[in-house]
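Trainee: If you're matching positions, the sequence shown starts at 16 in our numbering and goes up one per residue. C-beta: ideal position from N, C-alpha, C; glycine also. One structure, as structure tokens, below. Some questions next.
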Amino acid sequence: MTGTPDLHADDLHRSAQDPALAAIGFLNEVMSRYPEAISFAPGAPHPEFMRDIDTRALTDRFVAHLVDERGFAPDSAQRALYEYGPAQGLINGLVAEALGADQGIRADPREIVITVGAQEALLLTLRALFRHSGGDDLIAIADPCYAGIIGTARLLDIPVVPLREGEAGLDVDHLAAQCREAREQGRRIRACYVAPDFSNPGGARMPLASRHELLDLAEREDLLLIEDNAYGFTATEDDGLPGLKALDSRRRVVHVGTFAKVGFPGARVGYAVADQRVQHGDGERTLAEELAVLKTMTTVNTPPLAQAVVGGLLLDHGRSLAELGRSKAQRYRRNLQCLLDALDRHLGDDLPPGITWQRPAGGFFVRIDIPVAADLALLELSAAEYGVLWTPMGQFSLTDRCDRQLRLSCSYLDPDQIEQGVKRLATFLREEAAA
Ligand SMILES: Cc1ncc(COP(=O)(O)O)c(C=O)c1O
């Protein structure tokens with residue numbers, strides 16, 4: 016860049032300089048500098064699942080569905096793909112059917128808004144629920160957590176309260192204590208973000224009893240739970256637990272989902288189930304309808320072409336998210352097992368002091384505790400000298416509790432790369448972290 020700058024960073028919204036928002040860019044940059052390194056960093060779907068997507072066949076399938084089942088004339092069904100569409104979405108009915116069949120979530124299409132990824136669903140939900148920026152309403156977030164929710168809160172100037180999350184998921188007692196503390200200060204926790212099934216990055220899963228406790232607490236404290244279910248599909252059939260929304264008989268949960276993992280991330284299609292009733296002078300609307308009003312000022316509508324591709328995928332898989340995700344879930348479970356086995360093989364005997372890892376039953380991620388700071392300098396060393404990349408967990412946390420932890424993702428690699436990568440990681444940890 017040449018010449019004098021035109022603007023100063025201090026004059027821009029402060030989220031542009033927030034480390035939580037900068038972390039993803041930094042990781043991408045490190046990966047591009049070390050293309051030969053084996054990377055346990057990306058939480059992205061395996062590239063093989065992108066190979067055989069026939070978008071033309073999928074959109075044709077969806078157009079036929081519009082004509083045969085939804086009463087569209089053939090030319091207006093075709094046009095629906097290329098014109099602006101309804102802000103609330105085109106595939107709400109199919110998503111409602113799939114959620115009902117697979118996850119026991121009973122939602123009317125009016126209670127669903129189709130969004131540009133789960134990310135937009137989070138943005139719209141937070142914007143709607145928090146009347147003022149920087150006010151007395153707080154969002155509680157299970158910590159460590161997905162960078163997308165911290166970033167959204169920062170973007171909207173919503174104050175955040177981090178909550179402890181252990182291997183058994185969100186600490187519900189901690190949330191109760193934080194609600195009391197906020198009340199004593201004349202503030203309130205308005206909403207709580209939680210991923211009960213195999214959280215990113217912690218890999219935590221909440222037992223059934225804590226899910227019920229959390230729902231009861233939400234009712235007592237009059238707060239809403241924002242449930243993010245990106246990785247729930249990786250549970251085995253006999254190990255599945257009902258999500259918060261399936262257990263929610265009091266409309267306390269806004270459920271956020273994505274097609275990024277069961278489908279493909281480039282579609283940028285997600286959704287929110289928001290069945291809460293909102294009173295207006297002239298009647299009632301669902302919260303999903305309110306979110307759709309806000310959406311007209313963010314992305315106007317989720318691209319109909321992308322929705323048609325996702326709709327086609329659902330139609331091709333018996334209108335079932337579980338069916339759509341089945342072969343993917345199998346691969347991710349196999350990869351996770353390979354990763355855990357390789358860690359046992361290469362680090363388990365004569366385990367260096369201070370190194371431990373957890374054993375999630377699903378999801379993409381394994382967390383490793385090490386005895387030194389897992390920071391960007393250590394990552395750089397790991398990449399340059401040992402040819403292996405991982406993600407510092409501190410980037411996903413609002414506290415310093417995760418500063419000596421790293422996250423490994425198993426989704427993007429093949430078993431032989433996992434084996435090779437763990438071998439390199441074990442050498443690196445023995446020589447650098449345990450030294
Ligand atoms: C917890 C969590 N939620 C949501 C998403 C996906 O969001 P999107 O649909 O915007 O790609 C991810 C992707 O990494 C995630 O880890």
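#1: Could you have a look at Cys207 and say whether DSSP puts it in helix, strand or coil?
#2: Report yes or no: do the stretch 322-331 and the stretch 346-365 share at least 3 C-beta pairs separated by less than 8 Å?
#3: Ligand 1 heavy atoms versus the CB of Tyr347: any closer than 8 Å?
#4: Do you know offhand how far Phe55's Cα is from Asp297's?
#5: Taking 8 Å as the cut-off, does the CB of Ala210 come closer than this to any heavy atom belonging to ligand 1?
#6: Can you find a heavy atom of ligand 1 that lies under 8 Å from the Cβ of Val271?
#7: Three-state secondary structure (DSSP) at Phe380?
#8: If I'm right that Leu144 touches Ala157 with Cβ under 8 Å, what's the distance once you round it to whole angstroms?
#9: Could you tell me which of Glu252, Tyr99, Ala133, Ile106 sits nearest to Arg341, measuring between CA atoms?
#10: Given Tyr208, which residues of its chain have a CB within under 6 Å of its CB, disregarding the five upstream and five downstream residues?
#11: Classify Ile68 as helix, strand or coil using the three-state DSSP reduction.
#12: Hey, quick one: how far does the beta strand (DSSP E) through Asp287 stretch, first residue to last?
#13: Name the DSSP bridge partner or partners of Trp372?
#14: With DSSP as the reference, identify every bridge partner of Ser30, one or two as the case may be.
#15: With distances taken from CA atoms, which of Arg125, Glu126, Ala111 is nearest Gly119?
#16: Throw me the rounded Cβ distance for the Tyr246 and Phe274 pair, which I believe falls under 8 Å.
#17: Taking 6 Å as the limit between beta carbons, can you name the residues of its chain near Val82, skipping five residues before and five after?
#18: Just how far apart, CA to CA, sit Ala153 and Gly201?
#19: Just verifying my parser: in three-state terms, what is the DSSP assignment at Val131?
#20: Nearest to Trp405 by alpha carbon, out of Leu391, Glu304, Ala323?
#21: Whose C-beta lies closer than 6 Å to the C-beta of Leu320 among residues of the same chain, with five residues either side of it excluded?
#22: Please report the residue range of the alpha helix (DSSP H) in which Ser214 lies.
#23: How far does the alpha helix (DSSP H) with Ile165 in it extend, from its first residue to its last?
#24: Looking only at its own chain, which residues have a Cβ that is under 6 Å from the Cβ of Asp151, when we skip the five neighbours before and after it?
#25: Which same chain residues end up closer than 6 Å to Arg125 when comparing Cβ atoms and leaving out the 5 residues on each side of it in sequence?
#26: Taking 8 Å as the cut-off, is the C-beta of Pro375 nearer than that to any heavy atom in ligand 1?
#27: Just checking my contact of Ile385 with Arg419 at CB under 8 Å: how many whole Å lie between their CB atoms?
#28: Can you grab the Cα-Cα spacing for the pair Pro367 / Ile433, in whole Å?
#29: Closest to Leu351 by C-alpha separation, out of Ala337, Leu336, Phe379, Lys343, would be which residue?
#30: Any heavy atom of ligand 2 closer than 8 Å to the Cβ of Asn215?
#31: What residue does the alpha helix (DSSP H) around Gly409 start on, and which one ends it?
#32: Considering only residues of the same chain and omitting the five flanking positions on each side of Leu336, which have a CB-CB separation below 6 Å?
#33: In the DSSP assignment, find the alpha helix (DSSP H) that holds Ala155 and state where it starts and stops.
Mentor: This is what the structure holds:
#1: strand
#2: no
#3: no
#4: 53 Å
#5: yes
#6: yes
#7: strand
#8: Not a contact, Cβ separation roughly 17 Å.
#9: Glu252
#10: Ile156, Ile164, Ile241
#11: coil
#12: Before going further, note that residue 287 is Ala rather than Asp in the sequence given. Note, Ala287: beta strand (DSSP E), 285-288.
#13: Ile383
#14: DSSP lists no partner for Ser30.
#15: Ala111
#16: Tyr246 to Phe274, Cβ: 13 Å. No contact.
#17: Pro89, Ala92
#18: Going by the sequence as given, residue 153 is Leu instead of Ala. Each residue's alpha carbon lies about 11 Å from the other.
#19: coil
#20: Leu391
#21: Leu96
#22: Taken as a continuous stretch (DSSP letters only), Ser214 belongs to no alpha helix (DSSP H), as it is neither H nor E.
#23: 162-170
#24: Arg202
#25: Thr301
#26: no
#27: 6 Å
#28: 20 Å
#29: Phe379
#30: This structure lacks ligand 2; the ligands present are ligand 1.
#31: Neither: Gly409 is in no alpha helix (DSSP H) and is coded neither H nor E.
#32: Ala113, Asp117, Val277
#33: Premise fails: Ala155 lies in the beta strand (DSSP E), 152-158, not in any alpha helix (DSSP H).
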